[in-house]
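Enquirer:
Residue numbers (the numbering used here): 195 to 467.
#1: When you compare only the Cα positions, how much space is there between residue 238 and residue 372?
#2: Since I believe residue 431 is in contact with residue 441 (beta carbons under 8 angstroms), could you give me their beta-carbon distance rounded to a whole number of angstroms?
#3: Spell out the partners DSSP gives residue 358 in its beta bridges.
#4: What residues in its chain sit with their C-beta under 7 angstroms from that of residue 280, if we drop five residues either side in the sequence?
#5: Would residue 362 be called buried (16 or more neighbouring beta carbons within 10 Å of its own) or exposed?
#6: Taking the C-alpha atoms as reference points, what is the distance between residue 386 and residue 370?
#7: Give, in chain order, every unbroken run of the alpha helix (DSSP H) that is at least 4 residues long and sits entirely within the segment 324–355.
#8: For residue 353 and residue 383, what's the separation of their Cα atoms in angstroms?
#9: So, helix, strand or coil for residue 317, using DSSP?
#10: Since I believe residue 437 is in contact with residue 258 (beta carbons under 8 angstroms), could you give me their beta-carbon distance rounded to a whole number of angstroms?
#11: Going by alpha carbons, who is nearest to residue 289 out of 277, 321, 233, 300?
#12: Identify the continuous alpha helix (DSSP H) that holds residue 415 and give its terminal residues.
#13: Per DSSP, what kind of secondary structure is residue 286 in: helix, strand or coil?
#14: Does the segment 215–225 touch the segment 263–272, meaning 3 or more C-beta pairs lie closer than 8 angstroms?
#15: Expressed to the nearest angstrom, what Euclidean distance is found between the alpha-carbon atoms of residue 253 and residue 336?
#16: In the DSSP output, what is residue 292 paired with across the bridge?
#17: What three-state label does DSSP hand residue 228 in the structure shown?
#18: Which residue or residues does DSSP assign as beta-bridge partners of residue 386?
#19: Below 9 angstroms between beta carbons: does that hold for residue 293 and residue 260?
#20: How many angstroms separate the CA atom of residue 206 from the CA atom of residue 434?
#21: Leaving out the 5 sequence neighbours to the left and right, which residues in its chain are closer than 6 angstroms to residue 458 when beta-carbon positions are compared?
#22: Inspect the CB distances between the segment 339–350 and the segment 209–218 and report whether three or more fall short of 8 angstroms.
#23: So what does residue 376 bridge to, in DSSP terms?
#24: Classify residue 234 as helix, strand or coil using the three-state DSSP reduction.
#25: Look at residue 339 and residue 303 and say whether their C-beta atoms are less than 9 angstroms apart.
Following this line, the structure appears as structure tokens:
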């Protein structure tokens with residue numbers, strides 16, 4: 195009897211990972227760069243991190259050094275039920291950081307998912323109860339508000355929004371926030387915005403300052419203090435299959451992502467309190 199009680203207790207108190215979708219319906223805002231470098235920074239402080247590359251372009255997989263030949267079992271096979279999430283998890287060269295890779299076949303999933311009754315919750319179903327080994331799961335979403343992104347938002351506890359410092363930034367993120375609100379009301383009441391991070395900030399450009407000021411005025415405290423600067427080393431790193439934190443730890447971009455990870459962990463601690 196004691197063994198049965200202990201077993202039930204273990205199941206009920208099993209620590210579930212914190213799942214954060216990194217999303218913005220606009221491409222080229224630093225979404226994937228933020229995903230892989232935040233994941234690397236979290237792993238560096240001994241958090242066990244899984245990146246789910248849910249973008250058919252597969253840039254997060256490339257940026258973490260995963261070769262095409264190693265992506266035979268990827269997010270596509272998982273989402274359509276041909277493989278379990280366990281079969282798709284690959285180790286990266288970074289201790290404590292794993293990935294579920296992506297490939298071009300994932301682009302067809304949006305059409306195939308229509309045939310599933312749980313098409314809005316396929317990812318949530320596929321990962322439920324299977325990722326206890328991780329502290330954080332970061333989902334790199336595609337730059338669109340289609341079925342894949344909806345799946346990611348329904349599976350997530352929170353959303354992290356990278357926002358490029360450009361003229362149309364507020365318009366785009368306002369649309370995303372409305373979508374997040376609709377998902378929260380209709381499907382995932384626990385979903386919250388973990389934070390908005392300003393990316394590609396150019397201190398020589400008055401527009402960057404103006405956009406940053408407008409975003410902070412509009413969204414208030416959910417905007418991180420950390421700003422990710424435009425940085426050549428950040429742009430170069432993916433071509434070497436490395437996060438910038440491995441490619442050049444001392445550069446301004448790397449230091450910014452280290453500060454961002456610190457802010458994320460601090461905010462997570464506050465949310466959990």
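We put the CB at the ideal spot given by N, CA and C, even for glycine. Because the structure is a prediction, the values reported are computed rather than measured.
Expert: According to the structure data:
#1: 34 angstroms
#2: 4 angstroms
#3: Looking at the DSSP assignment, residue 358 forms a beta bridge with 393.
#4: 324
#5: exposed
#6: 12 angstroms
#7: 341–349
#8: Answer to the nearest angstrom: the Cα atoms are 13 angstroms apart.
#9: helix
#10: 7 angstroms
#11: The shortest C-alpha to C-alpha distance from residue 289 to any of 277, 321, 233, 300 is the one to 233.
#12: No alpha helix (DSSP H) contains residue 415, which DSSP labels as neither H nor E.
#13: Residue state for residue 286 is assigned as coil, using DSSP reduced to three classes.
#14: no
#15: 10 angstroms
#16: Answer by DSSP bridge pairing, in chain order: 244, 285.
#17: helix
#18: Secondary-structure assignment with DSSP links residue 386 through a beta bridge to 352.
#19: yes
#20: With a pLDDT of 38 at residue 206, under the threshold of 50, the predicted position of this residue should be treated as unreliable, though the coordinate-derived value follows. One C-alpha to the other measures close to 43 angstroms.
#21: Nothing listed; no residue qualifies.
#22: yes
#23: As DSSP reads the structure, residue 376 sits in no beta bridge.
#24: helix
#25: no
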